[in-house]
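One structure is given here, and the rest of the page talks about it.
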Amino acid sequence: MAAKFTELAIDCADPQGLARFWCAVLDYEVQSEEEGGDVVSIGSPEVPEGRERPGPVPPVLTFARVPEGKMVKNRLHVDVNPTDRDQEAEVRRLLDLGARRADVGQGEVSWVTLTDPEGNEFCVLATRRP
Numbered sequence: 001m002a003a004k005f006t007e008l009a010i011d012c013a014d015p016q017g018l019a020r021f022w023c024a025v026l027d028y029e030v031q032s033e034e035e036g037g038d039v040v041s042i043g044s045p046e047v048p049e050g051r052e053r054p055g056p057v058p059p060v061l062t063f064a065r066v067p068e069g070k071m072v073k074n075r076l077h078v079d080v081n082p083t084d085r086d087q088e089a090e091v092r093r094l095l096d097l098g099a100r101r102a103d104v105g106q107g108e109v110s111w112v113t114l115t116d117p118e119g120n121e122f123c124v125l126a127t128r129r130p
């Protein structure tokens with residue numbers, strides 16, 4: 001094995017707020033938080049050992065406070081797949097959590113583009129089950 005994807009770092013204005021949103025989206029929990037809340041890491045409660053576990057693991061998301069705001073469309077984004085409901089129901093759930101619909105020029109596609117509360121784009125794909 002060369003490397004495994006273990007963490008995605010996200011710059012933001014409100015690490016605690018964004019961590020709460022993504023915990024609700026992904027059924028994650030806070031794994032660590034720096035004093036003052038400037039850096040918050042969340043991860044799957046199913047795999048708390050993360051980096052120490054061989055093979056693939058759900059990535060940790062780390063939110064770090066930065067002074068500048070988001071300026072343009074993300075070059076990298078998260079895709080999520082509903083596991084226990086259809087895509088339309090999942091989109092409704094995410095909108096209720098604080099997501100917003102987004103038009104990034106996607107046109108007619110099978111996924112739905114949303115933004116998190118700080119404007120970071122992410123996509124809700126059609127339901128996939130392993």
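Residues in the sequence shown are numbered from 1 upward in steps of one, following UniProt numbering. Note that CB positions come from ideal geometry on N, CA and C, so glycine has one too.
What are the boundary residues of the alpha helix (DSSP H) that includes residue i?
i, result
"Leu125", "Where Leu125 is concerned, there is no enclosing alpha helix (DSSP H), given that its DSSP letter is neither H nor E."
Could you please give me the residues that DSSP links to residue i through a beta bridge?
i, result
"Ser32", "Ser41"
"Arg65", "Cys12"
"residue 142", "The question about residue 142 has no answer here: the residues shown for the chain are numbered 1 through 130."
Determine the DSSP secondary structure at residue i, reduced to helix, strand or coil.
i, result
"Leu8", "strand"
"Leu18", "helix"
"Ala99", "coil"
"Val91", "helix"
"Val80", "strand"
"Val25", "helix"
"Val47", "coil"
Would you say residue i touches the ligand MG, meaning its beta carbon is less than 7 Å from a heavy atom?
i, result
"Pro117", "Among the components modelled here there is no ligand, and therefore nothing to report on the ligand MG."
In chain order, what residues of the same chain have a beta carbon less than 8 Å from the beta carbon of residue i, not counting five sequence neighbours either side?
i, result
"Val66", "Asp11, Cys12, Ala13"
"Gln106", "Thr113"
"Ala102", "Thr113, Leu114, Thr115, Glu121"
In chain order, what residues of the same chain have a beta carbon less than 6 Å from the beta carbon of residue i, not counting five sequence neighbours either side?
i, result
"Val78", "Phe122"
"Arg100", "Thr115"
"Leu125", "Asp79, Asn81, Trp111"
"Ser41", "Gln31, Ser32, Val60, Thr62"
Along the chain, where does the beta strand (DSSP E) containing residue i start, and where does it finish?
i, result
"Gly113", "Before going on, a small fix: residue 113 reads as Thr here, not Gly. It spans 112-115 - the beta strand (DSSP E) in which Thr113 sits, taken as one unbroken run."
Taking 7 Å as the limit between beta carbons, can you name the residues of its chain near residue i, skipping five residues before and five after?
i, result
"Gln16", "Gly37, Val40"
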